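Visitor: I have a structure I would like to understand better, so I am pasting it below and will then ask my questions one at a time.
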Amino acid sequence: SAVISQKPSRDICQRGTSLTIQCQVDSQVTMMFWYRQQPGQSLTLIATANQGSEATYESGFVIDKFPISRPNLTFSTLTVSNMSPEDSSIYLCSVEGRAKNIQYFGAGTRLSVL
Amino acid sequence: DAKTTQPTSMDCAEGRAANLPCNHSTISGNEYVYWYRQIHSQGPQYIIHGLKNNETNEMASLIITEDRKSSTLILPHATLRDTAVYYCIVRLPADRGSTLGRLYFGRGTQLTVWP
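First to last, the protein sequences are chains A and B. Going by this note's numbering, the first residue of the first sequence is number 7, and it counts up by one from there. Going by this note's numbering, the first residue of the second sequence is number 1274, and it counts up by one from there.
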């Protein structure tokens, strides 16, 4: 399995500000994913981030709101821009592990926007 | 990816087997069945996956019907720590460098194991 570290684990932010979430993996992976889990809801895929290419966003998510970086095979960031209370969610990083076809998840970043 | 249907909630007594059903009647021939669980406030945890044959690992067993339109996750001896939301997902295998294989989570089944 892959060990995934997310930072910060939680944060409380003011409306209109931005937060960058970091995802660090203990091994090189090609595919990384970012998910959002709104309160009481299931997980929704935001985007897929592959090293060396632009992130691919799912319907309803745009790069201006959720810019993603993927500078190397072990690291990625997700920025939540110009935050509003509706952005209060858990944001989760996921990677496709060495055992093909198995995705592993980080513990998530719990974001509250006031 | 095919959609799945799961019961909203289930209960199970500690020490008994928990059998969690999932319907995926529109699954295509090369889509796998995956099971994840999410314990409160944690990231989802991979449990098991399969294509057409039954699978077993240290956590659970996966029984897939012959027509592949449904499956059952079996926790043979449920414990209190197995209380979680269980997600049944079908997906295409990941393709290197593409967006195939992304996971689509439904609402899942809330399994409550009671003493």
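Idealized CB from N, CA, C, for every residue including glycine. The structure displayed is predicted, hence computed values, not measured ones.
Assess contact between the region 1354 to 1367 of chain B and the region 1375 to 1386 of chain B, defined as three or more Cβ pairs (one per stretch) separated by less than 8 Å. Is contact present?
Guide: Segments in contact, yes.
Visitor: Measure from the C-beta of P1317 (chain B) to each C-beta in chain A and report whether the shortest distance is under 8 Å.
Guide: As a first step, residue 1317 (chain B) must be located in the second sequence, where it is residue number 44. Yes, its Cβ sits closer than 8 Å to a Cβ of chain A.
Visitor: For the beta strand (DSSP E) holding Q1311 (chain B), just list the boundary residues, first then last.
Guide: For the purposes of this step, residue 1311 (chain B) is taken as residue 38 along the second sequence, with counting starting at 1. Counting along the chain, the beta strand (DSSP E) containing Q1311 (chain B) begins and ends at Y1305 to Q1311.
Visitor: Give every residue of the same chain whose Cβ lies closer than 7 Å to the Cβ of Y1319 (chain B), excluding the five residues on either side of it in the sequence, and list them in chain order.
Guide: Residue 1319 (chain B) sits at position 46 when you count from the first residue of the second sequence. Hits under 7 Å: Y1309.
Visitor: Is P77 (chain A) helix, strand or coil when you go by DSSP?
Guide: Along the first sequence, one-based indexing puts residue 77 (chain A) at 71. Strand at P77 (chain A).
Visitor: Give the C-beta separation of V86 (chain A) and S24 (chain A) to the nearest angstrom, bearing in mind that I take them to be a contact with Cβ-Cβ under 8 Å.
Guide: Sequence index remark: in the first sequence, residue 86 (chain A) carries index 80 (1-based). Sequence index remark: in the first sequence, residue 24 (chain A) carries index 18 (1-based). At roughly 6 Å, the Cβ-Cβ gap stays under 8 Å, so V86 (chain A) and S24 (chain A) are in contact.
Visitor: Taking CB distances under 8 Å as the criterion, tell me whether Y1377 (chain B) reaches chain A.
Guide: As a position in the second sequence, residue 1377 (chain B) is number 104, starting the count at 1. Yes, its Cβ sits closer than 8 Å to a Cβ of chain A.
Visitor: So Y110 (chain A) contacts chain B; which residues on that side make the cut at Cβ distance below 8 Å?
Guide: Along the first sequence, read from residue 1 onward, the residue named residue 110 (chain A) stands at position 104. Residues of chain B passing the Cβ test: Y1319.
Visitor: Return the first residue and the last residue of the beta strand (DSSP E) that V31 (chain A) is part of.
Guide: Locating residue 31 (chain A) in the first sequence gives position 25, counting from the first residue. Note, V31 (chain A): beta strand (DSSP E), L25 to V31.
Visitor: Measuring only the C-alpha atoms, how far is M1290 (chain B) from K71 (chain A)?
Guide: Position 17 of the second sequence, counting from 1, holds the residue named residue 1290 (chain B). Position 65 of the first sequence, counting from 1, holds the residue named residue 71 (chain A). A quick correction: the sequence has Ala, not Met, at residue 1290 (chain B). Rounded to the nearest angstrom, the two C-alpha atoms are 45 Å apart.
Visitor: Any beta carbon of chain B sitting closer than 8 Å to that of N107 (chain A)?
Guide: Here residue 107 (chain A) refers to the residue found at position 101 when the first sequence is read from its first residue. For N107 (chain A), the answer is yes, since a Cβ of chain B falls inside 8 Å of its Cβ.
Visitor: Measuring CA to CA, which of B:P1388, B:V1386 and B:G1379 is closest to I1297 (chain B)?
Guide: Taking the first residue of the second sequence as 1, we reach residue 1297 (chain B) at position 24. One point to set straight first is that residue 1297 (chain B) is His, not Ile, in the sequence displayed. For the residues B:P1388, B:V1386 and B:G1379, the minimum Cα distance to H1297 (chain B) belongs to B:G1379.
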